[in-house]
Structure formats: C-alpha cells, structure tokens
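Novice: For reference, the structure I am asking about is given below.
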Amino acid sequence: MTLRRTLLICSAAALAASALPAVAQDWPERPVRILVSFPPGGSSDLVARLLAEHLGERLGQPFIVENRPGAGGTVAALALKDAAADGHTFMLSNLTPFGIAPTLFPDAGYDPVEDFTHVSYIGGVHLGLFAGAELEIDTLDALIARAQAEPGMLDYGTSGVGSWGHIVSARFGALSGTEMEHIPYQGSGPMRLDLQAGVIGLAFDAVPQNLPLVAEGVAIPLAVSAPQRLDTLPDVPTFREAGLDLIAENWLGFSAPAGLDPAIAAQLDETLTDIMTASEITAQFDNWGIVRVPMDGAAFAAFVADQYSAWAPMVEAAR
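What follows is the structure in structure tokens.
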C-alpha cells in the first residue's frame with residue numbers, strides 16, 4: 006500500500022470518527038428543561054435541582070427544572086411525550102408516571118416504554134410511614150391496634166391519587182386489616198407541611214425529604230418499605246419485620262421523548278454517571294438514602310418495562 010493511500014485511509018477514518026459524535030458535540034445549543042412531575046420539595050425535585058446544577062456546569066448550558074405536577078405524574082409525562090426529541094427537554098422520571106399511572110389511568114395517553122427514550126438510571130428511594138408527633142403513636146403495632154379499634158377515624162396523606170404512597174397505603178390497609186381516611190395532596194411538600202402542623206396524623210412518603218422532620222421530632226417513622234433496615238433510619242423496622250409483605254422502591258431516572266439521538270443519550274448518560282460518582286454527590290445521595298445501581302440506557306429501558314408489569318397487580322388492587 007502506498008504512503009498516499011495510507012494517508013487517505015487514515016484521514017477518512019479520522020473524519021468518520023469525528024463525525025460520529027458531531028451531534029452530541031453541538032449539544033446542548035440552548036437551555037435544557039428538566040420536567041418534574043411533583044411540586045418543589047419532593048425527592049424528585051431535590052434530585053433534579055442537584056443534578057441540574059452540575060449538568061449546567063459540565064455541559065455549558067443552563068439546565069432548568071420545571072415543575073409540572075398533576076394527575077399522577079401524567080401531566081409531566083404527556084408534556085415530555087409531546088416535546089421535540091432534540092435533547093432540550095428531559096424529565097426526572099420516576100415510578101409514579103411510568104410504573105403506576107398507565108395502569109391506574111388506562112386513558113393516560115402514553116405508553117411508558119414505547120413513547121419515550123429512557124436515558125439514565127439515577128437511583129432508588131424507599132417509602133416510610135410517618136406519624137405526626139401530636140398523634141402520640143411511636144410504633145407500627147400501636148398504630149395498627151388503634152386503627153383497628155377506630156375504623157376510619159385516622160387519616161393519612163400521600164403525594165396524590167396514583168402516587169406510590171397511595172398504592173402502598175392501599176396495600177398496607179389490606180395487609181394490616183385497617184381502614185383509614187386517605188387525604189391525597191398534589192405532591193409531598195404540601196403534605197409534609199400539614200403533617201408538621203398536625204392537620205393530618207400520618208403520611209406515606211419517601212424517606213429522604215422527611216429526615217429533617219424526624220431529626221426535629223416532628224415526624225415519627227414507624228416503618229420503611231425497604232427489604233432491610235435503612236442506614237439513614239437504623240432503628241426503624243421494615244414492614245416485613247412487622248409481618249407485612251410490603252416492599253416498595255421509587256426509582257428515579259432521566260427520560261426523553263421517543264426518537265432522541267443516540268449520541269445525545271449516550272453523552273447525557275456518560276455525564277450523569279460521571280457526576281454521580283463524585284464524592285459530593287455520593288455523600289448527598291447517602292444522606293438522602295438514595296441507592297444507586299449502575300445501569301446503562303438499554304438496561305434502564307428494560308427496567309422501566311419490568312417495573313410497569315410488576316406494579317400492575319398492586320395498582321389494580323388499589324383501584
């Protein structure tokens with residue numbers, strides 16, 4: 006092979022290699038939206054804002070959190086589905102709109118797998134059953150005994166109809182033989198304010214955002230939905246320890262409209278993975294009780310499909 010031919014081949018290969026990531030190299034071209042399906046103050050919102058700051062620093066454009074609560078997360082999911090698949094609109098996806106709502110609301114208007122590009126898995130959080138201090142109940146057994154003795158007299162909040170707290174609370178009622186009044190909120194932030202003020206007596210909510218209330222003595226954790234006790238609440242039993250077969254995890258991820266350029270998806274996944282290995286982020290995730298398992302985009306898409314199928318029976322039972 007002549008030197009000239011060798012140089013031509015090498016030049017062509019270099020051009021081809023540089024062309025492959027060209028779309029990703031030009032991205033993002035303007036500010037990027039991150040849709041959140043709950044109001045400010047919940048675990049999805051906290052994680053979205055933390056990651057948005059670091060993504061903006063890494064990628065040179067602002068990542069702006071846009072809260073779009075309502076209808077079991079379907080408002081945000083539909084907004085994502087209808088957005089342009091150009092890499093400038095994502096969603097901090099989670100269990101409620103992608104694993105619960107499509108079963109609870111058959112006319113939700115989207116397929117949780119086919120209508121989206123699931124880009125990157127962030128991590129998972131577990132749920133706790135919290136009692137307000139004014140209720141003067143500090144164990145799960147005491148709560149069950151009182152709820153059984155006073156059917157319908159106790160009330161509890163969740164972050165909304167169709168939320169994972171709603172589904173888990175229905176499962177708890179069936180397993181424990183209790184009947185309590187459900188007060189659905191539009192997000193966990195308003196619910197926690199009412200728990201703190203004594204407006205509601207109980208709350209089924211993600212553990213991370215309730216840790217400050219626990220530290221202040223405002224909320225009493227009675228049980229958690231993890232398979233084993235959490236490092237953040239080591240003295241709090243699991244539901245299983247109380248004889249209730251109840252395990253639930255709310256996963257968090259980054260999702261985009263269907264048709265996102267694979268180069269952009271790969272770059273975002275790589276950037277997020279790099280961010281989440283930084284000691285500052287891992288420490289914050291540990292404080293919040295967020296458990297991360299490495300998972301690429303293809304595995305995450307399969308995970309979303311599996312979660313949708315796995316939650317369907319519990320959702321049907323809660324309808």
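Read left to right, the sequence shown gives residues 6 to 324 (the working numbering). All C-beta atoms, glycine included, are put in the ideal place defined by N, C-alpha and C.
Return the residue from the list 30, 216, 268, 68 that minimises the CA-CA distance to residue 57.
Specialist: Selected option, being the one with the closest Cα: 68.
Novice: Do three or more CB pairs link the region 147–158 to the region 189–201 at distances below 8 Å?
Specialist: No contact exists between the region 147–158 and the region 189–201.
Novice: Could you tell me the alpha carbon to alpha carbon distance between residue 320 and residue 30, rounded to whole angstroms?
Specialist: Their Cα atoms are separated by approximately 42 Å.
Novice: In the DSSP output, which residue or residues are listed as bridge partners for residue 70?
Specialist: Answer is 39, bridged to residue 70.
Novice: Rounded to the nearest angstrom, how far is the Cβ of residue 51 from that of residue 324, given a contact under 8 Å?
Specialist: Contact flag wrong, Cβ pair sits at about 30 Å.
Novice: Which residues mark the beginning and the end of the alpha helix (DSSP H) in which residue 321 is found?
Specialist: Here the alpha helix (DSSP H) through residue 321 covers 302–323.
Novice: Comparing alpha-carbon positions, which option in 131, 179, 153 lies nearest residue 237?
Specialist: Here the closest residue by C-alpha is 131.
Novice: Please name the residue in 218, 185, 183 whose C-alpha comes closest to that of residue 199.
Specialist: Closest option to residue 199, Cα to Cα, is 218.
Novice: Cutting at 8 Å between CB atoms, please list the residues of its own chain near residue 305, excluding the five before and the five after it.
Specialist: Here the set comprises 123, 124, 125, 126, 258.
Novice: Assuming residue 136 and residue 322 form a contact by the criterion Cβ under 8 Å, report the distance between their Cβ atoms to the nearest whole angstrom.
Specialist: Contact doesn't hold; Cβ gap of about 25 Å is too wide.
Novice: Please work out which residues of its chain come closer than 8 Å, Cβ to Cβ, to residue 20, disregarding the five sequence neighbours upstream and downstream, and give them in chain order.
Specialist: Note on residue 20: pLDDT 42, under 50, position unreliable in the model; the coordinate value appears next. Here the set comprises nothing.
Novice: In this structure, how does DSSP classify residue 194 when only helix, strand and coil are distinguished?
Specialist: Helix at residue 194.
Novice: Identify every residue that forms a DSSP beta bridge with residue 4.
Specialist: This structure cannot settle anything about residue 4, because the visible part of the chain is limited to 6 through 324.
Novice: Can you find the residues in the same chain that come closer than 7 Å, C-beta to C-beta, to residue 164, ignoring five residues on each side of it along the sequence?
Specialist: Cβ neighbours of residue 164 beyond the five flanking positions: 43, 47, 170, 190, 192, 193, 196, 210.
Novice: Drop a sphere of 10 angstroms on the beta-carbon of residue 292, count the other beta-carbons inside from all chains shown, and report buried for 16 or more, exposed for fewer.
Specialist: It is exposed - the Cβ of residue 292 has fewer than 16 other Cβ atoms within 10 Å.
Novice: If contacts are defined as beta-carbon pairs under 8 Å, then residue 85 and residue 114 qualify, I think. What distance do you get, rounded to the angstrom?
Specialist: Incorrect: roughly 12 Å between the Cβ atoms, too far for contact.
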